[in-house]
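The structure under discussion appears below in the form of structure tokens.
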Amino acid sequence: MSKFTFTLLTNEYIPDVRALLLNSFFLHEPLNERFGYNLPDEVEDFIDDVVKCALRDQCSFVALDGNQLAGMALNTICQKNDASKANKYQSASLQYIFTMLGLLHQAKNVYDHFNVDRILYTAVISVDPNYRGQRLSEQLLEKSLEYAKESLHLQAAYTETSSYYSLKAFLKMNYERLYEIMYETYDKEKLSNMGVHDRCTLVGRKL
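The opening residue of the sequence shown carries number 921 in the working numbering; numbering runs sequentially from there.
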């Protein structure tokens, strides 16, 4: 039995969610680490957007160790023909990343692949460094997928992974690789020497 308590994201957890985004996700995620943002100013609009969407759609989960936020899966419900986010944020680095991720979707349309009009999207999954190595990402995904299927009646889910470890976690949860871009092939000047984090991958699965 897990020592963590899993619950839907509500307003009371937002300060801790924002702190985890700033202090973990934007420091340790490989692409974010490579670009070295001016925190918090450069990513404030992204954080505002992802938190707003997560609260709106009520399908995101937090993992708690007592009162301590240990991890989170920020999910949204995407609709077919939703607008691209490539030019939505002020940061040139964020625009660069979302433009690259957009190419994954140009190559593989998840709505057509799974024959759906609505789909669960995991925008961010992040675990406090103090709680890593406890399968927390997998547990957060498991809760998210179960809720999406049983309570929201969604039939598919997807995300884009940008690191080796996040890809590994999603593949363990039976996501399939739909398309991937090798960083060094895409932009040798900016994205070479990324170690094991050598690609971004579009992954998805039926529910």
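Think of the CB as a built atom: it goes at the ideal place given N, C-alpha and C, for glycine as much as any other residue.
Item, Value
"Helix, strand or coil at M992 [DSSP, three-state]", "strand"
"Cβ-based burial, P1049 [other Cβ within 10 Å; buried from 16]", "exposed"
"Under the three-state DSSP convention, the category F924 falls into", "coil"
"Buried/exposed call for V1047, threshold 16 Cβ in 10 Å", "buried"
"Chain-order list of residues whose beta-carbon lies under 7 Å from that of L940 (same chain, five-residue window excluded)", "L989, M992, S1046 and D1048"
"Three-state class that DSSP yields for K1069 in the structure shown", "helix"
"F924: CB within 7 Å of a non-hydrogen atom of the ligand NAP", "Of ligands this structure carries none, so the ligand NAP is not represented either."
"Sequence-distant residues of its chain with Cβ nearer than 8 Å to L1061 (five each side left out)", "A993, T1042, I1045, A1089, F1090 and M1093"
"Nearest-angstrom Cα separation, counted from Q1054 out to L942", "22 Å"
"Proximity of L1056 and F981 at Cβ, strictly below 8 Å", "no"
"Touching by the beta-carbon criterion (3+ pairs, under 8 Å), the region 1095-1103 and the region 1011-1030", "yes"
"Whole-Å CB distance - A1076 paired with I1017, under 8 Å assumed", "With 8 Å as the limit, A1076 and I1017 do not qualify as a contact, their Cβ atoms being about 24 Å apart."
"Run of the beta strand (DSSP E) containing C1120, from where it starts to where it stops", "R1119 to K1126"
"Within the region 1047-1113, ranges of the beta strand (DSSP E) (whole runs, at least 3 residues)", "1076-1081 and 1096-1102"
"Nonlocal neighbours in the same chain, by C-beta distance under 8 Å from V1123, ignoring five residues either side", "Y1078, T1079, E1080, T1081, L1087, F1090, L1091, Y1095, E1096, R1097 and L1098"
"Distance CB(N1007)-CB(L975) smaller than 8 Å", "no"
"Which residues DSSP lists as bridging I1039, in chain order", "C998"
"Simplified DSSP assignment, three categories, for V1030", "helix"
"Per-residue DSSP class, three states only, for L984", "strand"
"Proximity of T963 and V937 at Cβ, strictly below 8 Å", "One point to set straight first is that residue 963 is Val, not Thr, in the sequence displayed. No."
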